[in-house]
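Protein chains: 2
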Amino acid sequence: MGDVIKLENHLEQPENGADDTPVERRRQNVARSARRAPPNAKYLDLVNTTAKSAVLSEDALEAVHQASLTILEEIGMDIILPEARERMRAAGADVTPGTDRVRFDRGLIMALMAHVPSTFTMHARNPVRNVEIGGDNLVFAQIASAPFVADRDGGRRAGNQEDFRKLVKLAQCYDIIHTTGGYPVEPVDIHASIRHLDCLSDMVKLTDKVFHVYSLGRQRNLDGIEIARIGRGISMEQMEREPSLFTIVNTSSPLRLDGPMLQGIIEMSARNQVVVVTPFTLAGAMAPVTIAGAIVQQNAEALAGIAFTQMVRKGAPVMYGGFTSNIDMKTGAPAFGTPEYMKAVIAGGQLARKYNIPYRTSNTNASNTLDAQAAYESAFSLWALTQGGGNFIMHSAGWSEGGLTASFEKFILDVDMLQMVAEYLTPLDVGTDALGIEAVRDVGPGGHFFGTPHTLARYETAFYSPILSDWRNFEAWTEAGRPTTYDHANRVFKEKLDTYEKPPLDPDIEDELDAFVARRKEEGGVPTDS
Amino acid sequence: MGDVIKLENHLEQPENGADDTPVERRRQNVARSARRAPPNAKYLDLVNTTAKSAVLSEDALEAVHQASLTILEEIGMDIILPEARERMRAAGADVTPGTDRVRFDRGLIMALMAHVPSTFTMHARNPVRNVEIGGDNLVFAQIASAPFVADRDGGRRAGNQEDFRKLVKLAQCYDIIHTTGGYPVEPVDIHASIRHLDCLSDMVKLTDKVFHVYSLGRQRNLDGIEIARIGRGISMEQMEREPSLFTIVNTSSPLRLDGPMLQGIIEMSARNQVVVVTPFTLAGAMAPVTIAGAIVQQNAEALAGIAFTQMVRKGAPVMYGGFTSNIDMKTGAPAFGTPEYMKAVIAGGQLARKYNIPYRTSNTNASNTLDAQAAYESAFSLWALTQGGGNFIMHSAGWSEGGLTASFEKFILDVDMLQMVAEYLTPLDVGTDALGIEAVRDVGPGGHFFGTPHTLARYETAFYSPILSDWRNFEAWTEAGRPTTYDHANRVFKEKLDTYEKPPLDPDIEDELDAFVARRKEEGGVPTDS
């Protein structure tokens, strides 16, 4: 734990990176390059004003809410970290001595929920990439945490640094991918003790977007915070004013929060960084087999985790995460993008809006390949998360095989589908010219609109031009060898990678980042089991 | 035209099939077998109570409405049938002498729209298959009118009777397919003069569901009405009280209604049968390149057609059809299931609800095969038509290649997706047992829900069991040869066809039907060009 104390001192000492001259200079450099939008950026600030759907009546919503509070009061959670239990006891929770069990009075939970901010900004090192979280904002994050990676040429293989970097570069290539979401694939060829240093350093260098740090032990959080701070070229004080890094905190459902996750909340919330509390409540496995029951449990676990962030620091930015789905009752395998998943996503949105807290959900599917199933399960997920008012969408692009594999082709398919959702959410032009009475008058009955001035003035931008959809007629498509979406996606991801450009980074920042990573590697990184 | 008069006399003479004893007997037989639901029927009466989406503000909706009325007043429509123009003139429309042009005062249109019924029942020969049209009801009709048919084994081929019959049988096999929708594929191996006799006779014999008659000349409508009447074993008077047959009336966009379509309205509406007025307004081709403009034109054409049904018979059942999509501006090819299509579908729903008239839309895609594109374009269509409040969904299952091909595999894929939509729309159980507090208490923190009483009591029916989704893990899926959705659909459609059972039909009805078809064939069917 020596490293921890050292880094905490480092963070707290202004002479080591807070308000000293180099940082001030960098801040000016950043300001000069600020709001430098990428060329053709179209999807940077998405807003979803569509009326949100409901699967719970007002009464049912209240019943779910009360049932989850009853669970927290009567059953409680196992909190696997003495420091966290002590903080909870101090805040008024009922800790059973000599056990991990903590029970929470419903009044305590709701008093803490009242401090949660309803919206906040996550700050990227390029301010153009800042993302607004909450309200009607819709932010897409790349796939995270797949152990495997696949493309059609290379097949399915264990995660590795080369593919990690390619996937991160692809995320940089598309403005519809607003943030990365963690490691798109776990690069197991980098030793676990220093993996976070290499990976987060890559995040800063290969992208200019907001990124994520894993809560797998206190030191990783602290290293991540420092890397994000260096990347932005700001002081720790500014970092605390401007949340710049996020972490996913999963409960160990049912009703347990493990030590590293609790440490993640403590380190991140204390520094006003973003925590996304996401129970993983598969109905029939880690949660009741009924979707309503799974949602009740999801809500109990989410409220406990969110309340804990506010015990650590009132007003700390936090999101309500939902990941409830069902399992295949024949095999026990998780299922995604199902009707049950859709209902759970919508219900989660209703709960998040009830608490006035940003809502995190996901673009999921369980297909093993890029076939129709991959598309319909993802499309149904997108339907539900759009209608459910999802604010921050994890695994937006690249998720395959229920999250076990990051697929290059699926990444492109998802980008195309996300862009279609964005286009659908774009307001319809209903100005006089758009209503087109004069265009109709010019053409008249029995005519056609090809080549009319009204058409010529608009045809290049009138409609979304998809990346993958093949609209050639059957004969032309046959002559081209009958390519499928999979074929097109396989071609496109390679073409797109060839266009990748490293986003500009102040050389001083890069030097400081390299020096930090080198020093932390010399220190041995973080302790691991292997 | 001799046939027409003969049939009309026939229809009007009670001794030829109205209230005579055989019909009465048949009616009792029908009553005895009434409401005989097929085994495991789950999706017969779908209701979509989800809050509907909007892409037009109230002001914009009014602007679209007024713009379309301005078009009808100032530009008008070409009405290519003297009898129709005469009826319109008599009803108060402004017919320009010596031309086809008819202009409609906005007051006239809206006065006629006031007579349109907001809901009605379409009656099948098996009352279990009756469908409620309008309100929150959601009815799925099979693909119609494809010139080609395809499965993976046999490839793409011209429509033919054998495939026609197979597709109709498949429609009978699934209760989520509420009606057929026309000929799922055009059987060009049957001569056009008698095709409608063979095909509609097949509809009665191979299914017990509501069916469609093409408006391709007056006599076909009359033959269709008679076949539907015989199939139901009822009198013409009862048939007029109980709409049992529907026809699609497409405008020839822009702003033209052709003779056969107008005849279809005259014959069908006069007998209180169902007319579905559907402009085919591809933005950038037959309509303005702006979606708002295409919707204005769609609305003008739909209002003209619908108003004409009410000139023929006030209160006649009619639907507002929308088919607005965009074209691929690179090639001019129609595009479907696009963001623009989604907006058009939602806008059409807003207009139909404004007029309080049932809304017909479609499940579309433009893919040439059963790949991801086929799935995402269809899923986006389903999203829009569900959120847009579609009541009657044409081309729900089997539509491939922008409607040029009826695909057996796509039929199964669509059935699966439709069932998922139906499951999504099923109310969530939020009873005390479903909320699951006791189930959570029994398991407690750190446990699991496999094998608990709460799970065991529900697991077999808790979740939708998809037809095609392959949820096996990667290893098991690899051992099975890595099948895609296309592979599964290819297997399933053949298996399902093997389970087909002809629905019971009163032998007297079958005899009467055969006699009618034989007589009409002897008479030469209908005149054709070839």
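Line order of the protein sequences matches chains A and B. Position 508, counted from 1, in the first sequence is what the numbering used here calls 504; the numbers after and before it change by one each time, with no gaps. Position 51, counted from 1, in the second sequence is what the numbering used here calls 47; the numbers after and before it change by one each time, with no gaps. Glycine included, every Cβ here is placed at the ideal spot set by N, Cα and C.
Under 8 angstroms by beta carbon: chain A residues contacting residue i
i: H444(B); result: P250, A281 and M282
i: A329(B); result: W467, R468 and N469
Spatial distance of residue i from residue j (CA atoms)
i: E419(A); j: P335(B); result: 6 angstroms
i: K48(B); j: T382(B); result: 8 angstroms
i: R161(A); j: A298(B); result: 54 angstroms
i: G521(B); j: G399(B); result: 28 angstroms
i: F459(A); j: S321(B); result: 10 angstroms
i: T457(A); j: E128(A); result: 27 angstroms
i: N361(B); j: G333(A); result: 20 angstroms
i: G432(A); j: P284(B); result: 6 angstroms
i: L464(A); j: S392(A); result: 17 angstroms
i: Y337(A); j: G130(A); result: 22 angstroms
i: N387(A); j: E58(B); result: 32 angstroms
i: Q234(A); j: P423(A); result: 36 angstroms
i: Y39(A); j: L251(B); result: 37 angstroms
i: A107(A); j: S248(A); result: 25 angstroms
i: V19(B); j: H174(B); result: The predicted position of V19(B) is uncertain, since its pLDDT is 43 and thus under 50; a value taken from the coordinates is nonetheless stated next. Approximately 26 angstroms between the Cα atoms of the pair.
i: P503(A); j: F512(A); result: 14 angstroms
i: I105(B); j: A300(B); result: 7 angstroms
i: R516(A); j: Y482(B); result: 51 angstroms
i: A146(A); j: K326(A); result: 27 angstroms
i: L409(B); j: I389(B); result: 16 angstroms
DSSP-derived helix/strand/coil call for residue i
i: K38(A); result: coil
i: D507(B); result: helix
i: I291(A); result: helix
i: Y170(B); result: coil
i: S358(B); result: strand
i: N217(A); result: helix
i: H444(B); result: coil
i: H119(A); result: coil
i: H534(B); result: Lying before the first or after the last residue shown, residue 534(B) is absent from chain B, which here runs from -3 to 526.
i: M282(B); result: coil
i: N486(B); result: helix
i: A154(A); result: strand
i: L193(A); result: helix
i: I186(A); result: coil
i: L424(A); result: coil
i: E519(A); result: coil
i: P449(B); result: helix
Residue i: contacting residues in chain A (beta-carbon distance under 7 angstroms)
i: P335(B); result: M416, E419, Y420 and Y460
i: D324(B); result: W467
i: V51(B); result: L424
i: T357(B); result: Within 7 angstroms Cβ-Cβ: nothing; T357(B) doesn't reach chain A, min ~15 angstroms.
i: A348(B); result: Those do not exist, as A348(B) stays about 17 angstroms from chain A at its closest Cβ, beyond 7 angstroms.
8 angstroms Cβ cut-off: residues of chain B touching residue i
i: Y482(A); result: D367 and A368
i: M73(A); result: P441
i: E456(A); result: M325
Within chain B, partners of residue i - CB distance below 9 angstroms
i: R478(A); result: N364 and T365
Interface partners of residue i on chain B, CB under 7 angstroms
i: A154(A); result: Near A154(A) there are no residues of chain B at all, since even the closest Cβ is about 13 angstroms away, more than 7 angstroms.
Bridge partners - residue i, DSSP secondary structure assignment
i: L134(B); result: L42(B)
i: S403(A); result: A146(A)
i: L253(B); result: I75(B)
i: Y316(B); result: V273(B) and Y355(B)
i: H111(A); result: DSSP, once it has assigned bridges, lists no residue as partnering H111(A).
i: S396(B); result: T401(B)
Per-residue contacts from residue i into chain A (C-beta, under 9 angstroms)
i: R437(B); result: I67, E70 and I71
i: M338(B); result: M416, E419 and Y420
> If contact means a Cβ-Cβ distance below 9 angstroms, which residues of the segment 378 to 403 of chain B contact chain A?
Replying inline: L378, W379, A380, T382, Q383, E397, G398, L400 and T401
>> Against chain B, which members of the segment 285 to 299 of chain A pass a CB distance test of less than 9 angstroms?
In response: V285, T286, I287, A288, G289, A290, I291, V292, Q293 and A296
> Which residues, taken in chain order from the segment 62 to 89 of chain A, show a beta carbon closer than 8 angstroms to some beta carbon of chain B?
Replying inline: A63, T66, I67, E70, I71, G72, M73 and D74
>> Using a Cβ-Cβ cutoff of 8 angstroms, what residues of the segment 233 to 250 of chain B are near chain A? List them in chain order.
In response: S248 and P250
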